[in-house]
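Heads up, the thing below is written out as structure tokens.
Number of protein chains: 2
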Amino acid sequence: MATKQRGRPRSFDRDTALEKALRQFWEHGYEATTVSDLTREMGIGAPSLYAAFGDKRTLFEEVLVRYAGSYGAFGGRALAEEPTARAAMERVLREAAAVFTEPGHPHGCMVIHAATNCTTPEIEQTLRAQRNANIATFAARIQQGVDAGELPGDADAARLARYVGAVFQGLSQQSRDGASRQDLDAVVDLAMRGWPTV
Amino acid sequence: MATKQRGRPRSFDRDTALEKALRQFWEHGYEATTVSDLTREMGIGAPSLYAAFGDKRTLFEEVLVRYAGSYGAFGGRALAEEPTARAAMERVLREAAAVFTEPGHPHGCMVIHAATNCTTPEIEQTLRAQRNANIATFAARIQQGVDAGELPGDADAARLARYVGAVFQGLSQQSRDGASRQDLDAVVDLAMRGWPTV
DNA sequence: GTCTTTCTCTAGCGTCCGCTACACAAAAAC
DNA sequence: GTTTTTGTGTAGCGGACGCTAGAGAAAGAC
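So the sequences go chain by chain: Z and S.
Numbering of the first sequence is given in numbering that gives the first Met the number 0, commencing with residue 0 and proceeding in unit increments.
Numbering of the second sequence is given in numbering that gives the first Met the number 0, commencing with residue 0 and proceeding in unit increments.
Right, here's the structure in full:
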């Protein structure tokens, strides 16, 4: 494999261009980002974009994968690495507060904001499913904590997970509306006071 | 005033048509709602729409006023009628959980979701300002509670208000993603556990 | 060098967008 | 009745959208 390519080589770096596309979709959302916006930011012509990435929707789907593996990967790490359910959920929220307000890229969570007003139902549904799947992974981690006796035996993992998800989404909206990392950390402080103890 | 109109009378009820427009904007957002969608749902032709409501943007602004005075009015009532800051904030969240999931109209809060991915910066900014203004009214009510000794003297009204705002926005997103009123009530239960006591 | 393969550029396709000119219809004023 | 005023329907404007045909440019294979 990886045999030498014949023909004229691509004149741009595909990975760099993909990152530029990601930033555009993150900032403006799927539909509000036009192919013209993309080609301008990526520094390439429309035919090059279509040759390298397929159509706009396929490009967006590739952007989603890239996002999940980079800016959106902190959640999975927190779930895997923290010793307790509470520590995992708090770390998810703390890192969200940090990433959502980090300078140098758009604020908030792309999965929450990129297809809010979307006339392509499949795209809207894809992101909605992603959000609900994330909450389901929270619930699974919390249930582990319940089973381990970290939480009261009658604690409802699904409800706690939805609570964390709602706060997470609130943090994202707040960061879009101008809140600072300190502002969001204060929200997390208050949110974690609701966490049940044995 | 109210002297008899000359000329051919309007063949549709303006208020009914405005409510239909509100539902469309609430459901799909400002930009994803086309004039064609509006005329179809309102049951009128495009020239009638433009004669009665001005352009699309002016119609949306009138829809915002109507929303604030109807579906969005519960917040102001809670702030004015409840005796304590805590009761006011909890009622805001409880009524949000109810309204956001009420059958018969779109779910969630229009001010939060109608201009998320919006290429008209003025519209996006108008709704952002509305959201932040709402949080500021929360802060003012909470400060009253602090001054009245309902809360610890060092309680930060602005931070508490932002917390309530974040939970409010999380409830709205959750309702859009399919959460039931019971689901949201459970979120409010947990959220109010974070509220400070003297 | 020539041939083949692949990328890039110009130019423009068809469609939908918000919006409106214009002719006609329906009411009050007279 | 006629005149005046205003709403409605048809039909289409200019522009932006996502996308692509076709010609030329730039590389490896030989």
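Glycine is no exception: its CB is placed at the ideal position from the N, C-alpha and C atoms.
What you are looking at is a predicted structure, and each value in this text was computed from that prediction instead of being measured.
Check residue i in the structure and name its three-state DSSP category.
i               : result
T202 of chain Z : In the structure displayed, chain Z extends from 0 to 197; residue 202 of chain Z sits before or after that span and is not available.
V197 of chain Z : coil
Y162 of chain Z : helix
D207 of chain S : A question about residue 207 of chain S goes unanswered here, because the residues of chain S that appear run from 0 up to 197.
I122 of chain S : helix
H27 of chain Z  : helix
G177 of chain Z : coil
Y66 of chain Z  : helix
S10 of chain Z  : coil
I141 of chain S : helix
E80 of chain S  : helix
L150 of chain S : coil
R39 of chain Z  : helix
E101 of chain S : coil
D54 of chain Z  : coil
W182 of chain S : What sits at residue 182 of chain S in the sequence shown is Asp, not Trp. It is helical.
Q4 of chain S   : coil
T15 of chain S  : helix
A95 of chain S  : helix
Using a 10 Å radius around the Cβ and a threshold of 16 neighbouring Cβ atoms, would you call residue i buried or exposed?
i               : result
E80 of chain Z  : exposed
R9 of chain S   : exposed
E89 of chain Z  : buried
A190 of chain S : buried
Q181 of chain Z : exposed
R76 of chain S  : exposed
D146 of chain S : exposed
V197 of chain S : exposed
R140 of chain Z : buried
G193 of chain S : buried
V34 of chain Z  : exposed
R7 of chain S   : exposed
A185 of chain S : buried
T115 of chain S : buried
A20 of chain S  : buried
Q4 of chain S   : exposed
A132 of chain S : exposed
G207 of chain S : For chain S, the structure presents residues 0 to 197; residue 207 of chain S sits outside this window and is missing.
Could you tell me whether any Cβ in chain S is nearer than 7 Å to the Cβ of residue i?
i               : result
T15 of chain Z  : no
V166 of chain Z : yes
F66 of chain Z  : Going by the sequence as given, residue 66 of chain Z is Tyr instead of Phe. Chain S contact via Cβ: absent.
Y162 of chain Z : yes
G6 of chain Z   : no
N131 of chain Z : yes
A185 of chain Z : yes
G28 of chain Z  : yes
R140 of chain Z : no
R56 of chain Z  : no
G71 of chain Z  : no
Using a Cβ cut-off of 7 Å (strictly closer), state whether residue i contacts chain Z.
i               : result
Q172 of chain S : yes
A84 of chain S  : no
T118 of chain S : yes
D182 of chain S : yes
L189 of chain S : yes
H106 of chain S : no
G144 of chain S : no
D36 of chain S  : no
A31 of chain S  : yes
T115 of chain S : yes
G169 of chain S : yes
D176 of chain S : yes
I'd like the list of long-range same chain contacts for residue i, defined as Cβ closer than 7 Å, with 5 residues on each side in sequence excluded.
i               : result
A113 of chain Z : F24, W25, G28, Y29, L126
S179 of chain Z : T100
H106 of chain Z : F99, T100, S174, R175
F73 of chain S  : E94, V98
T32 of chain S  : Q23, F24
A45 of chain S  : V34, T38
A84 of chain S  : R140, I141, Q143, G144, E149, L150
P195 of chain Z : L150, P151, A154
E121 of chain S : none
I43 of chain Z  : F11, A16
G96 of chain S  : Gly is not the amino acid found at residue 96 of chain S; the sequence shown has Ala there. Closer than 7 Å at the Cβ level, and outside the excluded window around A96 of chain S, lie L170, R180, L183, D184, V187.
I'd like the list of long-range same chain contacts for residue i, defined as Cβ closer than 6 Å, with 5 residues on each side in sequence excluded.
i               : result
A138 of chain S : A156, A157, A160
M109 of chain Z : W25, Y66
V91 of chain S  : G74, A77
Grab me the residues of residue i's own chain with a C-beta within less than 8 Å of its C-beta, minus the 5 sequence neighbours each way, in chain order.
i               : result
E18 of chain Z  : R65
I134 of chain S : A160, R161, V163, G164
T2 of chain Z   : The pLDDT assigned to T2 of chain Z is 49, lower than 50, so where the model puts this residue is not dependable; a value taken from the coordinates is nonetheless given after this. Closer than 8 Å at the Cβ level, and outside the excluded window around T2 of chain Z, lies no residue.
G177 of chain S : none
Stretch pair the stretch 149-158 of chain S + the stretch 126-133 of chain S: three plus CB contacts closer than 8 Å: no
Count Cβ pairs between the stretch 50-62 of chain S and the stretch 95-108 of chain S that sit closer than 8 Å; are there 3 or more? For the pair of segments examined, the stretch 50-62 of chain S was found not to touch the stretch 95-108 of chain S: the number of CB pairs separated by less than 8 Å stays below three.
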